[in-house]
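Chains as they are written, first to last, in numbering that gives the first Met the number 0: chain F, 0 to 362; chain C, 0 to 362.
We treat Cβ as the ideally placed atom computed from N, Cα and C, and that holds for glycine.
This report refers to the structure that appears directly beneath it.
2 protein chains.
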Amino acid sequence: MNSDYYVVIMAGGVGVRFWPVSKSDRPKQFIDILGTGKSLIQQTFERFSKFCPAENIYVVTNLAYRDLVAEQLPQLKSDQILCEPYRKNTAPCIAYANYKIRKRNPAATVVVAPSDHVVLKEAVFLAALREAAAAAARNPWLVTLGIKPSYPNTGYGYIQFDDRAADAAHPQLKKVKLFTEKPEYEMARSFVESGEFLWNAGIFIWSLPAVMAAFKTYLPEIDELFAAYADLLDTPREAEGVEKVYVSCRSISIDYGVMEKADNVYVVAGDFGWSDVGSWNSLYELLPKNAEGNAVVGAEPMTYESKGNLVRVPADKIVVLQGLEDCIVVEDNGVLLVCKRTEEQRIRQFVEDVAREKGERYV
Amino acid sequence: MNSDYYVVIMAGGVGVRFWPVSKSDRPKQFIDILGTGKSLIQQTFERFSKFCPAENIYVVTNLAYRDLVAEQLPQLKSDQILCEPYRKNTAPCIAYANYKIRKRNPAATVVVAPSDHVVLKEAVFLAALREAAAAAARNPWLVTLGIKPSYPNTGYGYIQFDDRAADAAHPQLKKVKLFTEKPEYEMARSFVESGEFLWNAGIFIWSLPAVMAAFKTYLPEIDELFAAYADLLDTPREAEGVEKVYVSCRSISIDYGVMEKADNVYVVAGDFGWSDVGSWNSLYELLPKNAEGNAVVGAEPMTYESKGNLVRVPADKIVVLQGLEDCIVVEDNGVLLVCKRTEEQRIRQFVEDVAREKGERYV
Chain F
0 MNSDYYVVIM
10 AGGVGVRFWP
20 VSKSDRPKQF
30 IDILGTGKSL
40 IQQTFERFSK
50 FCPAENIYVV
60 TNLAYRDLVA
70 EQLPQLKSDQ
80 ILCEPYRKNT
90 APCIAYANYK
100 IRKRNPAATV
110 VVAPSDHVVL
120 KEAVFLAALR
130 EAAAAAARNP
140 WLVTLGIKPS
150 YPNTGYGYIQ
160 FDDRAADAAH
170 PQLKKVKLFT
180 EKPEYEMARS
190 FVESGEFLWN
200 AGIFIWSLPA
210 VMAAFKTYLP
220 EIDELFAAYA
230 DLLDTPREAE
240 GVEKVYVSCR
250 SISIDYGVME
260 KADNVYVVAG
270 DFGWSDVGSW
280 NSLYELLPKN
290 AEGNAVVGAE
300 PMTYESKGNL
310 VRVPADKIVV
320 LQGLEDCIVV
330 EDNGVLLVCK
340 RTEEQRIRQF
350 VEDVAREKGE
360 RYV
Chain C
0 MNSDYYVVIM
10 AGGVGVRFWP
20 VSKSDRPKQF
30 IDILGTGKSL
40 IQQTFERFSK
50 FCPAENIYVV
60 TNLAYRDLVA
70 EQLPQLKSDQ
80 ILCEPYRKNT
90 APCIAYANYK
100 IRKRNPAATV
110 VVAPSDHVVL
120 KEAVFLAALR
130 EAAAAAARNP
140 WLVTLGIKPS
150 YPNTGYGYIQ
160 FDDRAADAAH
170 PQLKKVKLFT
180 EKPEYEMARS
190 FVESGEFLWN
200 AGIFIWSLPA
210 VMAAFKTYLP
220 EIDELFAAYA
230 DLLDTPREAE
240 GVEKVYVSCR
250 SISIDYGVME
260 KADNVYVVAG
270 DFGWSDVGSW
280 NSLYELLPKN
290 AEGNAVVGAE
300 PMTYESKGNL
310 VRVPADKIVV
320 LQGLEDCIVV
330 EDNGVLLVCK
340 RTEEQRIRQF
350 VEDVAREKGE
360 RYV
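Right, dumping it as structure tokens:
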């Protein structure tokens with residue numbers, strides 16, 4: 000494996016869309032959402048362990064989740080866990096990792112990826128990643144992975160690309176014309192029909208010089224903040240320096256701050272069996288279904304006249320369902336949720352209602 | 000309290016209609032089915048403690064439940080718990096108690112009652128019981144309590160009575176014309192419309208001489224069996240004697256064996272808020288309902304667009320229900336059941352399926 004290759008796993012996310020399984024003290028990336036026996040961050044770490052040496056993998060997370068990361072990824076040395084004191088979106092997170100990695104290896108080629116996504120076709124994914132990394136190592140490009148869209152999903156950002164290859168040496172890399180935010184449905188449909196758009200998976204590949212140059216150009220004030228405290232990194236005063244940076248730093252995404260503005264952005268398209276599993280319904284779509292269209296994580300329920308349900312309960316539970324259709328049935332953390340799949344967007348409301356009624360400890 | 004008054008609580012029943020809350024190792028009478036903090040047998044014991052001295056209350060149960068009875072009713076001395084080695088229906092159970100009580104008090108007036116029924120109007124019930132006991136103490140009558148029927152229930156036996164009073168001294172006691180088994184619906188409806196029929200609650204009141212005479216007349220072979228081993232009662236060889244009796248004794252109910260045949264049967268009618276709570280639906284009918292028609296035992300669920308449900312989960316559970324109508328939602332003993340209320344008769348099938356699939360320990 001190429002020892003100049005590095006990976007930065009972003010694991011600071013919060014969210015209650017998988018409530019009651021995910022809660023604010025244990026968000027989605029730390030959950031075994033697929034029932035594989037491994038949490039999403041553990042799966043992500045294992046996937047990238049096939050791309051670069053494990054000691055080159057960094058996890059950036061919120062201070063609150065440091066212990067969870069250390070517990071779930073005991074392979075990590077403590078200096079591979081970068082802790083953010085405040086949530087400032089992805090650009091500061093990436094800048095922090097850049098400065099940290101630069102101390103070890105200024106010639107690094109870095110992959111940045113979320114910790115809470117699913118990739119079912121790992122071999123295809125790794126091949127595309129290696130293609131992208133090889134190109135990024137040799138060129139001052141900002142490379143991203145794009146997912147061939149299978150339907151007009153309005154929950155993802157899209158990437159428009161130019162179908163001509165970037166250059167002869169890298170036929171899989173296409174020049175990016177446009178990054179866009181989550182579109183309305185009609186727009187998403189025209190994106191998909193055009194064949195020129197890909198889903199933005201939030202996975203980026205670049206050399207350290209290329210991405211640091213981009214920060215200097217597009218987010219100079221963030222770069223200057225990190226530069227000012229760079230000497231404190233890898234010293235006992237690192238946390239103090241990071242606190243000073245984050246308290247002043249603005250919150251901005253790498254997409255909006257850099258990718259939408261830069262003109263040296265390239266994409267490798269592929270069908271990786273990728274999903275951000277953003278909600279119970281997207282998990283339902285992802286999972287295999289039985290003859291009645293029920294998808295199961297954990298204990299297999301006994302079902303009677305029950306179709307189209309997603310059932311996720313602890314593995315030692317006995318569940319009998321009769322006459323239940325198109326529902327989410329989830330039990331975890333002392334909470335039972337039964338909810339129509341079409342109403343999953345109301346889970347946030349349910350969580351707030353429960354918090355008000357029963358107290359924060361359940362949320 | 001009259002120290003000649005005795006009560007025999009029959010607590011040998013089995014059944015899975017309240018599965019997964021009731022199981023074969025903990026049937027309904029040992030369950031806090033109403034969520035009052037007390038099991039049905041504890042409520043039954045407390046109710047009869049207001050009628051006679053606690054030391055005059057006997058519980059007849061299956062050997063398998065002796066420890067459960069002792070645990071739930073620590074007030075009982077061990078010789079107040081009569082253990083049946085085999086299930087032989089109610090007549091042998093009553094004969095056993097008769098012979099046992101006769102050793103202490105041949106002049107006893109005895110109430111026999113199931114352990115797993117609900118009585119909401121306790122004062123009315125106790126008044127009727129005292130009326131019946133006073134009459135039974137003075138007359139060689141077999142007295143029963145009858146419930147004024149509120150609708151044509153096909154799950155109960157019925158008692159037809161003669162509206163004229165038994166005699167001037169006991170205006171509340173009516174002569175019974177007929178005991179009948181559970182009727183078909185049309186028959187039940189005509190029973191209710193006639194005004195001449197009452198529900199048979201399985202509660203009997205008689206003097207020891209009266210009931211023992213009835214056994215001698217109508218079930219002489221059972222009486223002879225108990226008579227043959229009566230000397231062993233209250234000795235270290237009691238269990239041995241009872242085993243000998245029960246192994247030969249036929250299985251027969253007191254209704255069929257005695258009440259349907261005797262001509263000295265009287266009834267005290269009343270509205271006691273009585274129910275045998277024979278199933279989840281009858282519990283649903285019994286419980287108070289909120290504005291959406293949901294009935295709850297244990298934790299109060301948060302409900303959204305959910306009507307007509309019976310929800311019974313442990314008190315420390317958070318439950319969120321959305322879009323669920325007319326269902327039974329029950330969790331206990333590591334089992335979650337969600338089932339349309341109209342399909343509750345299939346619970347027996349579910350239990351058998353689970354037993355086959357997962358092993359007996361869940362049933």
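DSSP three-state label for residue i, please.
{"i": "Leu172 (chain C)", "result": "strand"}
{"i": "Pro219 (chain C)", "result": "helix"}
{"i": "Ala240 (chain C)", "result": "At residue 240 (chain C) the sequence reads Gly, which differs from the Ala that was named. The answer is helix: DSSP assigns Gly240 (chain C) an H, G or I state."}
{"i": "Arg16 (chain C)", "result": "coil"}
{"i": "Glu330 (chain F)", "result": "strand"}
{"i": "Asp162 (chain F)", "result": "strand"}
{"i": "Ile30 (chain C)", "result": "coil"}
{"i": "Met211 (chain C)", "result": "helix"}
{"i": "Glu36 (chain C)", "result": "It should be noted that the sequence gives Gly, not Glu, for residue 36 (chain C). Three-state result, Gly36 (chain C): coil."}
{"i": "Asn97 (chain C)", "result": "helix"}
{"i": "Tyr184 (chain C)", "result": "helix"}
{"i": "Leu144 (chain F)", "result": "strand"}
{"i": "Tyr245 (chain F)", "result": "helix"}
{"i": "Glu83 (chain F)", "result": "strand"}
{"i": "Ala294 (chain F)", "result": "strand"}
{"i": "Cys338 (chain C)", "result": "strand"}
Quick test of your reading: residue i and residue j, contact by CB under 8 Å. State the CB separation rounded to the nearest angstrom.
{"i": "Val296 (chain C)", "j": "Gly12 (chain C)", "result": "Actually they do not touch by this definition, with Cβ atoms about 20 Å apart."}
{"i": "Val142 (chain C)", "j": "Ile204 (chain C)", "result": "4 Å"}
{"i": "Ala112 (chain C)", "j": "Tyr64 (chain C)", "result": "About 17 Å; that fails the 8 Å criterion."}
{"i": "Gly333 (chain C)", "j": "Asp31 (chain F)", "result": "That belief does not hold up - the Cβ atoms of Gly333 (chain C) and Asp31 (chain F) are roughly 20 Å apart, past 8 Å."}
{"i": "Val110 (chain C)", "j": "Ile253 (chain C)", "result": "That belief does not hold up - the Cβ atoms of Val110 (chain C) and Ile253 (chain C) are roughly 13 Å apart, past 8 Å."}
{"i": "Ala294 (chain C)", "j": "Ile317 (chain C)", "result": "Wrong, their Cβ atoms sit about 18 Å apart, outside the cutoff."}
{"i": "Leu62 (chain C)", "j": "Glu83 (chain C)", "result": "7 Å"}
{"i": "Ser247 (chain F)", "j": "Val117 (chain F)", "result": "Going by Cβ atoms, the distance from Ser247 (chain F) to Val117 (chain F) rounds to 36 Å, so no, they are not a contact pair."}
Beta-carbon within less than 6 Å of residue i's beta-carbon, same chain only, minus the 5 sequence neighbours each way: which residues are those?
{"i": "Leu231 (chain F)", "result": "Glu237 and Gly240"}
{"i": "Tyr303 (chain C)", "result": "Gln321"}
Taking 7 Å as the limit between beta carbons, can you name the residues of its chain near residue i, skipping five residues before and five after?
{"i": "Gly256 (chain C)", "result": "Ala90, Tyr217 and Leu218"}
{"i": "Pro26 (chain F)", "result": "Gly12, Val13 and Gly14"}
Are the C-beta of residue i and some C-beta of chain C separated by less than 8 Å?
{"i": "Gly322 (chain F)", "result": "yes"}
{"i": "Leu336 (chain F)", "result": "yes"}
{"i": "Lys76 (chain F)", "result": "no"}
{"i": "Asp331 (chain F)", "result": "no"}
{"i": "Phe349 (chain F)", "result": "yes"}
{"i": "Val386 (chain F)", "result": "Nothing about residue 386 (chain F) can be reported from this structure: the residues present for chain F run from 0 to 362 only."}
{"i": "Asp315 (chain F)", "result": "yes"}
{"i": "Asp24 (chain F)", "result": "no"}
{"i": "Glu356 (chain F)", "result": "yes"}
{"i": "Glu291 (chain F)", "result": "no"}
{"i": "Val15 (chain F)", "result": "no"}
Counting only the same chain and skipping the five closest in sequence on each side, list residues whose C-beta sits under 8 Å from that of residue i.
{"i": "Met211 (chain C)", "result": "Asn97, Arg101 and Asp222"}
{"i": "Asp3 (chain C)", "result": "Asn104, Ala106, Ala107, Thr108 and Ala136"}
{"i": "Phe349 (chain C)", "result": "Trp18, Leu336 and Cys338"}
Does the Cβ-Cβ distance between residue i and residue j come in under 8 Å?
{"i": "Lys174 (chain F)", "j": "Tyr265 (chain F)", "result": "yes"}
{"i": "Leu125 (chain C)", "j": "Phe50 (chain C)", "result": "yes"}
{"i": "Leu72 (chain C)", "j": "Val58 (chain C)", "result": "yes"}
{"i": "Leu336 (chain F)", "j": "Pro19 (chain F)", "result": "yes"}
{"i": "Leu177 (chain C)", "j": "Val267 (chain C)", "result": "no"}
{"i": "Glu343 (chain C)", "j": "Asn280 (chain C)", "result": "yes"}
{"i": "Phe160 (chain C)", "j": "Leu197 (chain C)", "result": "yes"}
{"i": "Asn199 (chain C)", "j": "Gly145 (chain C)", "result": "yes"}
{"i": "Gly269 (chain F)", "j": "Ala127 (chain F)", "result": "yes"}
{"i": "Val244 (chain C)", "j": "Phe214 (chain C)", "result": "no"}
Measuring only from the beta carbon, is residue i closer than 7 Å to any heavy atom that is part of the ligand ZN?
{"i": "Ile202 (chain C)", "result": "Ligands in the displayed structure: none, and consequently the ligand ZN is not present."}
With a cut-off of 8 Å, does the C-beta of residue i fall near any C-beta of chain F?
{"i": "Arg345 (chain C)", "result": "yes"}
{"i": "Val312 (chain C)", "result": "yes"}
{"i": "Glu342 (chain C)", "result": "yes"}
{"i": "Lys339 (chain C)", "result": "yes"}
{"i": "Val20 (chain C)", "result": "no"}
{"i": "Met301 (chain C)", "result": "yes"}
{"i": "Asp233 (chain C)", "result": "no"}
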